[in-house]
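Here's the structure we're looking at; comments come further down.
2 protein chains.
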Amino acid sequence: MREEFRRNLAAAEDTLAGLAETAAAAIEQATVALLEADLAAAERSQESNRALRQRLTELESTAYDLLALQAPVASDLRVLVTVVRLGANIERMGSLAAHIAETAERRHPAVVIPDLLVPVFRQMGEVAQQMAVDAAAALRSRDTADAARLEAEDDTVDRLRLELFRQIAGDWPHGAEAAADAALLGRYYERFADHAVAIADAVLYLVTGVAVEVAAE
Amino acid sequence: MREEFRRNLAAAEDTLAGLAETAAAAIEQATVALLEADLAAAERSQESNRALRQRLTELESTAYDLLALQAPVASDLRVLVTVVRLGANIERMGSLAAHIAETAERRHPAVVIPDLLVPVFRQMGEVAQQMAVDAAAALRSRDTADAARLEAEDDTVDRLRLELFRQIAGDWPHGAEAAADAALLGRYYERFADHAVAIADAVLYLVTGVAVEVAAE
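These protein sequences, in sequence, are chains A and B. Just so you know, we're using this note's numbering here: the first sequence kicks off at 30 and counts up by one. Just so you know, we're using this note's numbering here: the second sequence kicks off at 30 and counts up by one.
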């Protein structure tokens, strides 16, 4: 019974890693939509998000079936609870990518991002996408080195967001609405990155048994 | 054994409800800090958030002890997993209140919110606080009427946020930085409200066994 549970649990973790990769695709597509006012890319991002939500619902249902049908011991339950929690993180990542895609759709055919900020958002998009890929790798490998890489990437996102605020607070000729859009978009990327870090922290916890202190933010 | 587990589980749910009330206090204090540039209120909000995080860590630890020491059946486990998940929602509510308080601190002694927007933010603060109180009531009562009230309140928050965007997109003489601040603050209140709704939805699910369809956002 325990072997079977473990096999099913490993399959659930693998599904979770695949969903983190779907979140990576969703934010990549959303960033293209944003920077190029590309409606087709926006639609692909939304579709990735819908697929992600559908498969998360199935994963959660599987997790509850595992609870009901097999009698997992406490350590396995801990992993199972973590899988359910991380599912919520990945769901948010998909929603945040969708918010970015929606912003591109709402302003189309205008480009939301002023030229000056394109490099900042391009880099934010690249790092965020890489973080989702790395979170998936950490889930698959349970390797602490994969998890540790996320911290440095998160620092990059924070730095880019500060650069964004400096631009808005400086000589900003693009008006209030564009400033509000840029601030919210920066927030979406930042939160996407935070969720990837949360996945890495949970993997570290499962491997080492030591909770990562979550900084009050 | 099962009776003991249920007693402990009920205690955990009660703790969770208390923490939702702490989140209500945190957003009330943060709103005072925001509207009146009141540093002492900001500090009280931060302190509520710190207390909330500390008690959530303890609650999570208790939940895992329950898994380890008692042999819960599947339906009880489902409640336990829900308790852990809702803990994450309440943690976010505390963080969002802290973000609002930090914004007030960062801009002090200036008031962040232009006069014109004070009524919008005052009402957002009141509704958000009430939603946390109502989420706590839903957790304590497991009453679907308590849970249902949250949906209407959430509509109010969405309406207020639209009003906020209309102001920013209209004749806005306050500059780009103030627009960015206002947009982010509106987002914090909206997310706070979303988490309260998620708590209510989970309560409905525990009571009725029917998952509330989460709208893709």
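Every residue, glycine too, gets a C-beta built ideally from N, C-alpha and C. For clarity, every value in this text was computed on a predicted model and none was experimentally measured.
C-beta neighbour in chain B for residue i, strict 8 Å
i: Tyr-284/A; result: Look at the range of chain A in this structure, 30 to 246, and you will see that residue 284/A is not part of it.
i: Arg-84/A; result: no
i: Ala-225/A; result: no
i: Ala-229/A; result: no
i: Arg-216/A; result: yes
i: Ala-181/A; result: no
i: Leu-64/A; result: no
i: Leu-96/A; result: yes
i: Ala-205/A; result: yes
Short CB-CB distance (under 8 Å) between residue i and chain A
i: Glu-72/B; result: no
i: Ala-208/B; result: yes
i: Arg-107/B; result: yes
i: Ala-245/B; result: With a pLDDT of 37 at Ala-245/B, under the threshold of 50, the predicted position of this residue should be treated as unreliable, though the coordinate-derived value follows. Cβ-Cβ to chain A under 8 Å: yes for Ala-245/B.
i: Leu-213/B; result: yes
i: Arg-31/B; result: no
i: Ala-177/B; result: no
i: Ala-103/B; result: yes
i: Ala-222/B; result: no
Exposure of residue i, with buried meaning 16 or more beta-carbon neighbours within 10 Å
i: Thr-60/B; result: buried
i: Ala-244/B; result: Confidence at Ala-244/B is low in this model, with a pLDDT of 41, below 50, so the placement of that residue should be treated as unreliable; the coordinate-derived value is given next. Counting Cβ neighbours within 10 Å, Ala-244/B comes out exposed, since fewer than 16 surround it.
i: Pro-101/A; result: buried
i: Glu-246/A; result: Residue confidence is low: Glu-246/A scores 40 on pLDDT, short of 50, so the model does not pin down where it sits. Its coordinate-derived value is still stated next. With fewer than 16 Cβ atoms within 10 Å of its Cβ, Glu-246/A is classed as exposed.
i: Gly-199/A; result: exposed
i: Ser-90/B; result: exposed
i: Leu-145/A; result: exposed
i: Glu-57/A; result: buried
i: Ala-205/A; result: buried
i: Thr-44/A; result: buried
8 Å Cβ cutoff met for residue i and residue j
i: Ala-133/B; j: Ala-71/B; result: yes
i: Ala-97/B; j: Ala-103/A; result: yes
i: Asp-174/A; j: Ala-209/B; result: Looking at the sequence shown, residue 174/A is not Asp but Ala. No, Cβ-Cβ distance for Ala-174/A and Ala-209/B is not below 8 Å.
i: Glu-50/B; j: Val-112/B; result: no
i: Ile-157/A; j: Ala-66/A; result: It should be pointed out that residue 157/A corresponds to Ala in this sequence rather than to Ile. Going by C-beta atoms, Ala-157/A is not nearer than 8 Å to Ala-66/A.
i: Val-108/B; j: Leu-235/B; result: yes
i: Ala-55/A; j: Ser-74/A; result: yes
i: Pro-148/A; j: Ala-207/A; result: no
i: Arg-79/A; j: Leu-48/A; result: no
i: Ile-129/B; j: Tyr-217/B; result: yes
i: Gln-152/A; j: Leu-189/A; result: yes
i: Arg-82/A; j: Gly-123/A; result: yes
Integer-rounded CB distance, given that residue j should sit under 8 Å from residue i
i: Phe-34/A; j: Asp-105/A; result: 6 Å
i: Leu-64/B; j: Phe-150/B; result: 6 Å
i: Leu-179/A; j: Ala-225/A; result: 6 Å
Fill in: Selection of the region 111-135 of chain B by Cβ proximity to chain A, strictly under 7 Å
Val-113, Arg-114, Ala-117, Ser-124 and Ala-127
Discussion item. Counting only Cβ-Cβ distances shorter than 8 Å, please list the residues of the region 188-203 of chain B near chain A, keeping chain order.
Written reply: Cβ contacts with chain A come from Phe-194, Ile-197, Ala-198, Trp-201 and His-203.
Worksheet item: Between the region 41-62 of chain B and chain A, which residues of the former have CB atoms less than 8 Å from a CB of the latter, in chain order?
Response: none
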